[in-house]
Every structure is written in structure tokens, then in C-alpha cells.
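Participant: Below is a structure I'd like to ask you about.
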Amino acid sequence: REVVFPMESPNGIGLSVDGTKLYVAETPTGKLLCFNVLAPGSLKERARDQSQVLYTAPDFYRFDSLAIDGEGNICIATLGHGRWGTGGISVVNPDGSGLLFFIPTGDPY
6 REVVFPMESP
16 NGIGLSVDGT
26 KLYVAETPTG
36 KLLCFNVLAP
46 GSLKERARDQ
56 SQVLYTAPDF
66 YRFDSLAIDG
76 EGNICIATLG
86 HGRWGTGGIS
96 VVNPDGSGLL
106 FFIPTGDPY
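If you count by this note's numbering, then the sequence shown holds residues 6 to 114, one letter each, in order.
Right, dumping it as C-alpha cells:
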């Protein structure tokens with residue numbers, strides 16, 4: 006069932022530690038989106054817009070899958086290349102303050 010429209014190739018999704026936020030990584034846009042969870046299968050937001058963008062990858066990076074670490078940070082497989090090298094893992098603060106750090110892997114895919 007589609008809950009939010011439109012999305013551009015959403016790939017990775019994950020829930021915040023407390024279950025109140027849904028994080029979505031869009032691959033072609035390199036955007037990490039954040040939606041408010043009302044109940045299982047139900048979000049406050051029904052349409053995607055710029056207000057849900059938590060972080061945007063710089064340069065020629067795109068996002069793939071994601072996971073939430075034990076501290077609640079969002080860890081996103083990052084494709085492509087740019088200022089931090091070729092491919093890696095972007096670790097983003099869930100409070101919207103941006104990138105905490107980047108772990109290069111040297112793998113563009």
C-alpha cells in the first residue's frame with residue numbers, strides 16, 4: 006500500500022528508536038526524508054515535499070539502503086563519488102543537524 010506520494014525510487018527505510026519517525030532514502034535524489042508515524046501503516050504526511058528533507062547528499066553521491074544504529078543515528082549506504090572519495094556510509098544526525106561523519110569504503114556501488 007502506498008502511503009506517501011510522490012517518491013523518487015525510495016530504497017532504504019527505517020524507524021527511529023522510539024518508533025515515531027520513518028526515515029526514507031531516495032536513491033536518484035540523494036535525499037534522506039523524515040515522516041511522522043501516527044500508527045502502524047499510517048503517517049501524518051501524505052505528500053512528499055521539501056519539509057520532509059532531513060539531509061541531502063552533496064556532489065555526485067546517491068543513497069541506497071539504510072539502518073539505524075544504537076544511538077539513533079541514520080547510517081546510509083552512499084553510492085557514487087565526491088569530496089569524501091568513492092562510496093561509503095553517511096552517518097546522519099536524526100535531529101536534522103546534518104552529517105555526523107562519513108565512512109569511505111572505496112566502492113562506488
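Where a beta carbon is used, it is the ideal one built from N, C-alpha and C, also for glycine.
Predicted model only: the values in this text are computed from it and were never measured.
(1) Starting from the Cα of L105, find the closest Cα among Y60, G90, G92 and give me that residue.
(2) Of the choices S102, F107, N98, whose alpha-carbon is the least far from that of R88?
(3) Please report the distance separating the alpha-carbon of V97 from that of G46.
(4) Looking at C-alpha atoms only, which residue of R53, D100, C39, E76 is the closest neighbour of L27?
(5) Identify which residue in A44, F68, A52 has its Cα closest to the Cα of S14.
(6) Alpha carbon to alpha carbon, how far is G92 from D112? Give it in angstroms, no decimals.
(7) Between the Cα of S95 and those of T110, H86, G85, I81, spot the shortest distance and give me the residue it belongs to.
Facilitator: Quick answer:
(1) Position 100 of the sequence shown, counting from 1, holds the residue named residue 105. Among Y60, G90, G92, the Cα nearest to that of L105 belongs to Y60.
(2) As a working mapping, residue 88 is identified with position 83 in the sequence shown. It is F107.
(3) Reading the sequence shown from its first residue, position 92 is the one you call residue 97. Reading the sequence shown from its first residue, position 41 is the one you call residue 46. Rounded to whole angstroms, the separation of the alpha carbons of G46 and V97 is 24 Å.
(4) Translated into positions along the sequence shown, residue 27 becomes position 22. Minimum Cα distance to L27 is reached at C39.
(5) As a first step, residue 14 is located in the sequence shown; it is residue number 9 there, counting from the start. Sorting A44, F68, A52 by C-alpha distance to the C-alpha of S14 places F68 at the top.
(6) Start at 1 with the first residue of the sequence shown, and residue 112 comes out as number 107. Start at 1 with the first residue of the sequence shown, and residue 92 comes out as number 87. Using only the alpha carbons, I get a separation of about 5 Å.
(7) Position 90 of the sequence shown, counted from the start, is the residue given in the question as residue 95. Taking each of T110, H86, G85, I81 in turn and checking the Cα distance to S95, the smallest one comes out for I81.
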